[in-house]
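One structure is given below, encoded as structure tokens.
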Amino acid sequence: MISISGAILEIKNLVTSFKIRGEYYAAVDGVSLSIHPNEVFAIVGESGCGKSALALSILQLHKGSATKVEGVIEYKGRNLLAMRDDELNGVRGKEIGMIFQDPLTALNPLMKIGAQIEESLSVHTDMNAAQKSERAHELLTSVGMERPNLVYSQYPHELSGGMRQRAMIAIALVCRPSLVIADEPTTALDVTIQAQILDLLRQLQRESQSSVILITHDLSVVAEMAHRVAVMYAGQIVEIAEVGELFHNPKHPYTRSLLASNPSLESTGEGLLHVIKGMVPSLDRMPRQGCRFAPRMPWISPEAHESSPVYHTVAPGHEVLCGCYEHFRFE
Ligand SMILES: Nc1ncnc2c1ncn2[C@@H]1O[C@H](COP(=O)(O)OP(=O)(O)O)[C@@H](O)[C@H]1O
Ligand code: SF4
Ligand SMILES: [Mg+2]
Numbered sequence: 005m006i007s008i009s010g011a012i013l014e015i016k017n018l019v020t021s022f023k024i025r026g027e028y029y030a031a032v033d034g035v036s037l038s039i040h041p042n043e044v045f046a047i048v049g050e051s052g053c054g055k056s057a058l059a060l061s062i063l064q065l066h067k068g069s070a071t072k073v074e075g076v077i078e079y080k081g082r083n084l085l086a087m088r089d090d091e092l093n094g095v096r097g098k099e100i101g102m103i104f105q106d107p108l109t110a111l112n113p114l115m116k117i118g119a120q121i122e123e124s125l126s127v128h129t130d131m132n133a134a135q136k137s138e139r140a141h142e143l144l145t146s147v148g149m150e151r152p153n154l155v156y157s158q159y160p161h162e163l164s165g166g167m168r169q170r171a172m173i174a175i176a177l178v179c180r181p182s183l184v185i186a187d188e189p190t191t192a193l194d195v196t197i198q199a200q201i202l203d204l205l206r207q208l209q210r211e212s213q214s215s216v217i218l219i220t221h222d223l224s225v226v227a228e229m230a231h232r233v234a235v236m237y238a239g240q241i242v243e244i245a246e247v248g249e250l251f252h253n254p255k256h257p258y259t260r261s262l263l264a265s266n267p268s269l270e271s272t273g274e275g276l277l278h279v280i281k282g283m284v285p286s287l288d289r290m291p292r293q294g295c296r297f298a299p300r301m302p303w304i305s306p307e308a309h310e311s312s313p314v315y316h317t318v319a320p321g322h323e324v325l326c327g328c329y330e331h332f333r334f335e
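In this text, residue positions in the sequence shown follow the working numbering: the first is 5, and each later residue adds one.
What follows is the structure, encoded as structure tokens:
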């Protein structure tokens, strides 16, 4: 897998496992990737493929003790997985901000929006009350709130879905983090608001020159927003490339299938009209050996494809976890 020095975040062989009925199952299985400064890096894949498990692993936000996170996650050269809790708390929200799909569960329902923004400033800076209030108002304006003064003193339930998402973005950005992880930030919103929030994220990313990991199941969001993209299937990255390269030269059958199911996207490559049937298996039904995608290509005999695929370089920066992508055909 690609590993480029100068990366702001470097994930090496990440394995995140959940305990189910006494046994651990890997929801993220051997993921390696690098995030460069000032880039939007998308992670795309169907529901259940491990995108959130990966995102939560970076700041170790999994709730409960039945989760094991192994591997290396280096942020600016420091391994987050080896940090003590107090060190990690210094990174969370300050150096790395997080935007979740559902602001209602991420925001504190009992605290006014202004106070929630200022709380993060109290933890991570030594600003006085007036400075914190000024920064909170400034942020509420920059995330496009029409009446920032009113929102400052409102509770989350008093805001619309779009405004709540803007408030969460304000909280994520309050300490000017170098990296923002946005996990399906627009999935719960209607289409018009989705477009506004994506515009806002893009504008803020350009202004702040931060890096963004944008997690989505929607390839049109990737086309719109990202520089590079990793396609995840069943806990693994099956293909990684620059966005234009992936759309015009997709190699993995899963990527081609995803593109085929989104005909509005301009893309090329043979077999794109075919959508592979099936869904991501649950963790306890994951193939334990061989290619995890094989159950969705039952017409290919085991001898005809790599039994345990490794990464192959298609072009510089473009890798695929399937050695026989040149030979298979869609049924
Ligand atoms: N806390 C958990 N305990 C057990 N299984 C989990 C837990 N969180 C996620 N999973 C399982 O891990 C897999 C990946 O889930 P997730 O990362 O949420 O996928 P995505 O975000 O891509 O939809 C799914 O099979 C899901 O059911
Ligand atoms: S290795 Fe075989 S089963 Fe797996 S994706 Fe490639 S062709 Fe399909
Ligand atoms: Mg998710």
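Beta carbons: idealized from backbone N, C-alpha and C, even for Gly.
Please read all numbers here as calculations on a predicted model, not as lab measurements.
Just mark residue i as buried or exposed, buried being the case when its beta carbon has 16 or more other beta carbons within 10 Å.
i	result
residue 183	buried
residue 8	Residue placement at residue 8 cannot be trusted, given a pLDDT of 49 that sits under 50; what the coordinates show is reported in the next sentence. Answer is exposed; the Cβ neighbour count stays below 16.
residue 190	buried
residue 283	exposed
residue 313	buried
residue 213	exposed
residue 324	buried
residue 114	exposed
residue 170	buried
residue 144	buried
residue 207	exposed
residue 57	buried
residue 61	buried
residue 224	exposed
residue 10	exposed
residue 109	exposed
residue 154	exposed
residue 277	Because the pLDDT at residue 277 is just 49, under 50, the model does not fix this residue reliably, and the value given afterwards should be weighed accordingly. Looking at its Cβ environment, which holds fewer than 16 other Cβ atoms inside 10 Å, residue 277 is exposed.
residue 33	buried
residue 49	buried
residue 133	exposed
residue 162	exposed
residue 168	buried
residue 122	buried
Between residue i and residue j, is the Cβ-Cβ spacing less than 8 Å?
i	j	result
residue 295	residue 310	yes
residue 118	residue 156	yes
residue 141	residue 179	no
residue 29	residue 301	no
residue 268	residue 279	no
residue 322	residue 230	no
residue 15	residue 77	yes
residue 319	residue 249	yes
residue 165	residue 204	no
residue 254	residue 263	yes
residue 187	residue 105	yes
residue 236	residue 24	no
residue 287	residue 31	yes
residue 201	residue 59	no
residue 126	residue 97	no
residue 209	residue 44	yes
residue 260	residue 247	no
residue 92	residue 172	no
Using DSSP bridges, identify the partner residues of residue i.
i	result
residue 297	None; residue 297 has no bridge partner.
residue 33	19
residue 3	Past the edges of the chain, shown from 5 to 335, lies residue 3, and the structure says nothing about it.
residue 14	38 and 78
residue 258	DSSP output for residue 258 lists no bridge partner at all.
residue 246	232
residue 96	100
residue 323	244 and 317
residue 27	24
residue 219	47 and 187
Touch test, the stretch 51-60 against the stretch 234-249, Cβ-Cβ under 8 Å, three pairs minimum: yes
Cβ contact (3+ pairs, closer than 8 Å) linking the stretch 10-23 and the stretch 60-76: yes
Stretch-stretch touch, CB-based, cutoff 8 Å, three pairs: the stretch 83-101 with the stretch 136-148: no
Whole runs of the alpha helix (DSSP H) within the stretch 45-94, excluding any shorter than 4 residues: 55-62
Start-end ranges of the alpha helix (DSSP H) lying completely within the stretch 143-195, minimum 4 residues: 152-156 and 165-177
The stretch 34-52 touching the stretch 208-217, judged by at least three CB pairs closer than 8 Å: yes
The stretch 109-125 in contact with the stretch 194-207 per 3-pair CB rule at 8 Å: no
The stretch 97-110 contacting the stretch 160-179, beta-carbon criterion three pairs below 8 Å: yes
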